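A.B. asks:
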Amino acid sequence: APATSTVDQEKAEEYLKQFYSDPNAPSISGRRVKVQDFETILKKMQEFFGLEVTGKLDTNTIEVMKKPRCGVSDVSN
Amino acid sequence: FRHFNGKPKWDKKTITYRITEYTPDLSQREVDGTIAQAFKLYSDVTLLDFQQIYGGTADIMILFKARNHGDFYPFDGQGGVLAHAMSPGPNDGGDAHFDEDEKWTLSSAGVNLLLVAAHEFGHALGLDHSQDPSALMYPTYKYVNTQGYQLPLDDKQGIQALYGARKS
Numbered sequence: 408a409p410a411t412s413t414v415d416q417e418k419a420e421e422y423l424k425q426f427y428s429d430p431n432a433p434s435i436s437g438r439r440v441k442v443q444d445f446e447t448i449l450k451k452m453q454e455f456f457g458l459e460v461t462g463k464l465d466t467n468t469i470e471v472m473k474k475p476r477c478g479v480s481d482v483s484n
Numbered sequence: 066f067r068h069f070n071g072k073p074k075w076d077k078k079t080i081t082y083r084i085t086e087y088t089p090d091l092s093q094r095e096v097d098g099t100i101a102q103a104f105k106l107y108s109d110v111t112l113l114d115f116q117q118i119y120g121g122t123a124d125i126m127i128l129f130k131a132r133n134h135g136d137f138y139p140f141d142g143q144g145g146v147l148a149h150a151m152s153p154g155p156n157d158g159g160d161a162h163f164d165e166d167e168k169w170t171l172s173s174a175g176v177n178l179l180l181v182a183a184h185e186f187g188h189a190l191g192l193d194h195s196q197d198p199s200a201l202m203y204p205t206y207k208y209v210n211t212q213g214y215q216l217p218l219d220d221k222q223g224i225q226a227l228y229g230a231r232k233s
């Protein structure tokens, strides 16, 4: 079975678009994020939060994404 | 701690703020008091002073509103994004917006206004998100006891790096 659902994947993409998009980051415009870009940006997010940097959408990463938070991007711009 | 790119900051010592739309979750007096308490966390440790005004344009304009609220960052309903603020600057710079779809409280129930307001005012003064989980400027919300609350060391060092330290 897949580790994450399609819903998790789409929500994660939205999260990364909102909080980890900056002019120097790989393009994440458009409806879907390219797999290689997704992994790269997800690693940045995992590194920021001190999670294991896997580039994979694991349970711990999803838990952090679900926490209530500030709307300001984690990537200064 | 981290600062925004270019280290934007206020070039004056007295910063004004105005609350233009209140939350019905708390009395106006409670909101005024809590917002003043959040600013005091910063004036206690820096040379900054904060003054509430009741008309005109303040440096930091504050509102509680749900969904679309006049900027390009609409809120998302209860949970998720709780609030956001702009870095220091003219016009919208420094403004802080709170999602009215949250349940704002002064306790551990719902979302504690003091903790979120203090975080957002950190942005309004020039602090970016910190990677230190014990810092107020950590991006995710976590309730801590607000009785006698003071700025965590990471945030204190970050704000003093911008505005200097107030000698107690």
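Line order of the protein sequences matches chains Z and F.
Start counting the first sequence at 408; every next residue gets the next number (this note's numbering).
Start counting the second sequence at 66; every next residue gets the next number (this note's numbering).
Built from N, CA and C at the ideal position, the CB exists for glycine as well.
Model, not experiment: these values are computed from the prediction.
Quick one: grab the DSSP three-state call for Asp164(F).
C.D. replies: Asp164(F) falls in the strand class under three-state DSSP.
A.B. asks: With 8 Å as the threshold, decide whether the Cβ of Glu417(Z) is near any Cβ in chain F.
C.D. replies: By this cut-off, Glu417(Z) is not an interface position.
A.B. asks: If we count the other Cβ atoms within 10 Å of its Cβ and call it buried at 16 or more, is Arg132(F) buried or exposed?
C.D. replies: Looking at its Cβ environment, which holds fewer than 16 other Cβ atoms inside 10 Å, Arg132(F) is exposed.
A.B. asks: Does the region 195 to 206 of chain F come into contact with the region 165 to 185 of chain F, if we say contact requires no fewer than three beta-carbon pairs (one atom in each stretch) closer than 8 Å?
C.D. replies: Touching, yes.
A.B. asks: Please go through the same chain and pick out, in chain order, the residues whose beta-carbon is closer than 7 Å to the beta-carbon of Leu113(F), but skip the five residues on each side of it.
C.D. replies: Lys78, Ile80, Tyr107 and Tyr228, listed in sequence order.
A.B. asks: Could you pull the start and end residues of the alpha helix (DSSP H) that Arg94(F) belongs to?
C.D. replies: Run containing Arg94(F): Gln93 to Ser108, per the alpha helix (DSSP H) assignment.
A.B. asks: Hey, quick one: how far does the beta strand (DSSP E) through Tyr422(Z) stretch, first residue to last?
C.D. replies: Looking at the DSSP string, Tyr422(Z) is not in any beta strand (DSSP E); the run it does join, the alpha helix (DSSP H), is Thr413 to Phe426.
A.B. asks: Would you kindly work out how many angstroms separate the C-alpha atoms of His188(F) and Lys207(F), rounded to a whole number?
C.D. replies: Cα to Cα, His188(F) sits roughly 17 Å from Lys207(F).
A.B. asks: Return the residues of the region 140 to 158 of chain F that lie within a Cβ-Cβ distance of less than 8 Å from chain Z, sorted by chain order.
C.D. replies: The region 140 to 158 of chain F vs chain Z, Cβ under 8 Å: Phe140, Gly144, Gly145, Val146, Leu147, Ala148, His149 and Ala150.
A.B. asks: Going along the chain, which residues of the region 199 to 219 of chain F sit with their C-beta nearer than 7 Å to a C-beta in chain Z?
C.D. replies: Residues passing the 7 Å Cβ filter: Pro204, Thr205 and Tyr206.
A.B. asks: By a C-beta neighbour count over all protein chains shown, 10 Å radius and 16 as the cutoff for buried, is Tyr476(Z) buried or exposed?
C.D. replies: It is Arg, not Tyr, that sits at residue 476(Z) in the sequence shown. Buried: at least 16 other Cβ atoms inside 10 Å.
A.B. asks: Which of the three DSSP states, helix, strand or coil, is assigned to Asn133(F)?
C.D. replies: DSSP places Asn133(F) in coil when its eight states are reduced to three.
A.B. asks: Distance, Cα to Cα, Ala101(F) vs Arg83(F)?
C.D. replies: Computed Cα separation, rounded: 11 Å.
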